[in-house]
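Chains as they are written, first to last, in the UniProt record's numbering: chain A, 1 to 119; chain B, 1 to 119.
There are 2 protein chains.
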Amino acid sequence: MNLAPGQLDLLFQALGDPTRRAILERLARGPATVSELAAPFDMALPSLLGHVRRLEDSGLVTSDKEGRVRTVRLVPGAFTPVRSWLDAQRAIWEDRLDRLDDYVTRLMKDRADGSRSAD
Amino acid sequence: MNLAPGQLDLLFQALGDPTRRAILERLARGPATVSELAAPFDMALPSLLGHVRRLEDSGLVTSDKEGRVRTVRLVPGAFTPVRSWLDAQRAIWEDRLDRLDDYVTRLMKDRADGSRSAD
DNA sequence: GATATACTTAGGCAACAAGCTAACTATTGG
DNA sequence: CCAATAGTTAGCTTGTTGCCTAAGTATATC
């Protein structure tokens, strides 16, 4: 279940652009053609196509062409690596806080014990 | 509870680099000085410092200097906007699937009804 | 078969990213 | 005070990103 090295980079980088996030938000509502995707943006078609390609490279999106129309759709589960990384990160963080809490608790207990029988 | 425009860009872009993610993973285990952060990387100090600065600009990290030592630490809750965006995205997607499911269900029901009394 | 449609490719440009080295500043320890 | 330590600034190189226009290709449509 390992992902290609650099895959997370591609994913996060793909998400680091407002135009591309907007495209993804649109696609969450259902597949769309390139022209449909382009419509809301004040941007030349080739520029937008570049974004679509970058999304495709990251694996967030697929597209296939029928006749002269290319339809783009979200890839189900493509966000998983991103979520996993965030979850793992949070797990480490929370584990650390737990240990810290344990440590402080033990420290206070020891201090209490110490005051009963001084060294 | 709105975040600055471009904040998500900064966050995702900050996460889109393996060195910076490694730094974050390190910091989840606790604060560290710049030198400590630099140690595992085969990279000149100024380069690494650039990454730290980028993390700071994104709001994922803070640092303060005591004497000649700068200590860097994770900002609690800094990932929240990222998680929120992902959650919102998933919500839209799942809502769409629900509607699609409803639609298909109704369609099949109508077809069944139709076969009982044709028009 | 000409024309409109829907992309696609090619090429160019300005800004930014990620790395480096060299030189500088500000503590701290002897 | 001198030297080592910890970070910082400046300046350069190389590659990537994001945008553009102009021109090309491959389907429909009339």
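We treat Cβ as the ideally placed atom computed from N, Cα and C, and that holds for glycine.
Taking a C-beta distance under 7 Å as the contact criterion, THR62 of chain B and PRO31 of chain B do not qualify as a contact pair. Annotation: PHE41 of chain B has no Cβ neighbours in chain A at a cutoff of 9 Å; minimum Cβ distance is about 16 Å. Taking the C-beta atoms as reference points, ALA14 of chain B is found nearer than 7 Å to SER58 of chain B. Only LEU10, LEU11, PHE12, GLN13, ALA14, LEU15, GLY16, ASP17, PRO18, ARG21, LEU24 and GLU25 from the region 10-26 of chain A bring a Cβ to less than 9 Å from some Cβ of chain B.
Note on geometry: alpha-carbon atoms of PHE12 of chain A and ARG106 of chain B lie some 39 Å from one another. About 16 Å separates the CB atoms of ALA22 of chain A and ARG96 of chain B; that is not less than 8 Å, and the two are not in contact. Excluding five sequence positions before and after PHE41 of chain B, the CB atoms of its chain that fall closer than 8 Å to its own CB belong to THR19, ALA22 and LEU48, given in chain order. ARG54 of chain B and VAL75 of chain B have their C-alpha atoms spaced approximately 14 Å apart. Taking every protein chain shown into account, the CB of VAL52 of chain B has 16 or more other CB atoms within 10 angstroms, so this residue is buried.
Straight across, the Cα-Cα distance linking ARG26 of chain B with GLY50 of chain B is about 17 Å.
Judged by DSSP in its simplified three-state form, ALA4 of chain B adopts coil rather than helix or strand. Per DSSP, reduced to three states, the secondary structure at ASP64 of chain A is strand.
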